[in-house]
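Just below is one structure, and these are the notes that go with it.
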Amino acid sequence: MKFSEELIAPCGMNCGVCIAYLREKNKCCGCLSLGTNKQAHCNKCSIKFCDEHNRSEFTYCYECHKFPCSRIRKLEKRYVENYHVSLIENSTSISKYGFSEFIMNESEKWKCKNCGEVLCIHRNICLNCKEETNI
Numbered sequence: 017m018k019f020s021e022e023l024i025a026p027c028g029m030n031c032g033v034c035i036a037y038l039r040e041k042n043k044c045c046g047c048l049s050l051g052t053n054k055q056a057h058c059n060k061c062s063i064k065f066c067d068e069h070n071r072s073e074f075t076y077c078y079e080c081h082k083f084p085c086s087r088i089r090k091l092e093k094r095y096v097e098n099y100h101v102s103l104i105e106n107s108t109s110i111s112k113y114g115f116s117e118f119i120m121n122e123s124e125k126w127k128c129k130n131c132g133e134v135l136c137i138h139r140n141i142c143l144n145c146k147e148e149t150n151i
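Numbering (the working numbering), first residue to last: 17 to 151.
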């Protein structure tokens, strides 16, 4: 699988490592996709559809003058505690180095060392080979 800019959600989440995107049944197409197979929470996301976002021309939260807002900080807390990933760091990295470098780093970070498939942020095993991960 190849990550792309379209798989990066406004909050900095890489949809390409989300369980909803990686699973076989009812596969999500990613937050920014125009596809119809999005998760219900993506279709009504309070971050993606916040007032600042709706008033402005930006796509990503790091482009907002209020970044990181309270919604981002709340999601950040959950992702750092549960999955050891900082969406604020993701966003800052994209802002500083660009999507190409961020995606290249993500591709390496989320590759199973055993089988080479993409790891899931929401699981501690590779969905393909069932090898335990320590991300």
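The C-beta atom is built at its ideal place from N, Cα and C for all residues, glycine as well.
Assigned secondary structure, residue i (DSSP; H/G/I helix, E/B strand, else coil)
| i | result |
| --- | --- |
| Asn53 | coil |
| Ile151 | coil |
| Ile24 | strand |
| Lys127 | strand |
| Ile152 | Residue 152 lies beyond the stretch modelled for the chain, which goes from 17 to 151, so this question has no answer here. |
| Ile35 | helix |
| Asn144 | coil |
| Asn30 | strand |
Neighbourhood of residue i by C-beta distance below 6 Å, restricted to the same chain and skipping five residues each side
| i | result |
| --- | --- |
| His138 | Ile35 |
| Gly28 | Leu103, Asn106, Ser107 |
| Arg126 | A quick correction: the sequence has Trp, not Arg, at residue 126. So the qualifying residues of the chain are Val33, Val134, Leu135. |
| Phe19 | Gly32, Ile119, Glu122, Ser123 |
| Gly51 | Cys45 |
Whole-angstrom C-beta distance between residue j and residue i, which should lie under 8 Å
| i | j | result |
| --- | --- | --- |
| Cys145 | Leu135 | About 10 Å; that fails the 8 Å criterion. |
| Lys64 | Pro26 | 5 Å |
| Ile2 | Tyr76 | Outside the displayed range of the chain (17 to 151) lies residue 2, so it cannot be described from this structure. |
Cβ of residue i within 8 Å of any chain D Cβ
| i | result |
| --- | --- |
| Cys31 | No chain D appears in the structure shown, which is made up of a single protein chain. |
Contact set for residue i: own chain, Cβ-Cβ below 8 Å, skip 5 residues either direction
| i | result |
| --- | --- |
| Glu92 | Pro84, Ser102, Leu103, Ile104 |
| Cys80 | Glu68, His69, Ser72, Phe74 |
| Lys21 | Lys is not the amino acid found at residue 21; the sequence shown has Glu there. Here the set comprises Phe115, Ile119. |
Close-in-space but distant-in-sequence residues of the same chain around residue i (CB under 7 Å, 5 per side omitted)
| i | result |
| --- | --- |
| Leu23 | Asn30, Cys31, Gly32, Gly46 |
| Ser62 | Arg87 |
What are the start and end residues of each continuous beta strand (DSSP E) run of 3 or more residues lying completely inside the segment 57-113, in chain order? none
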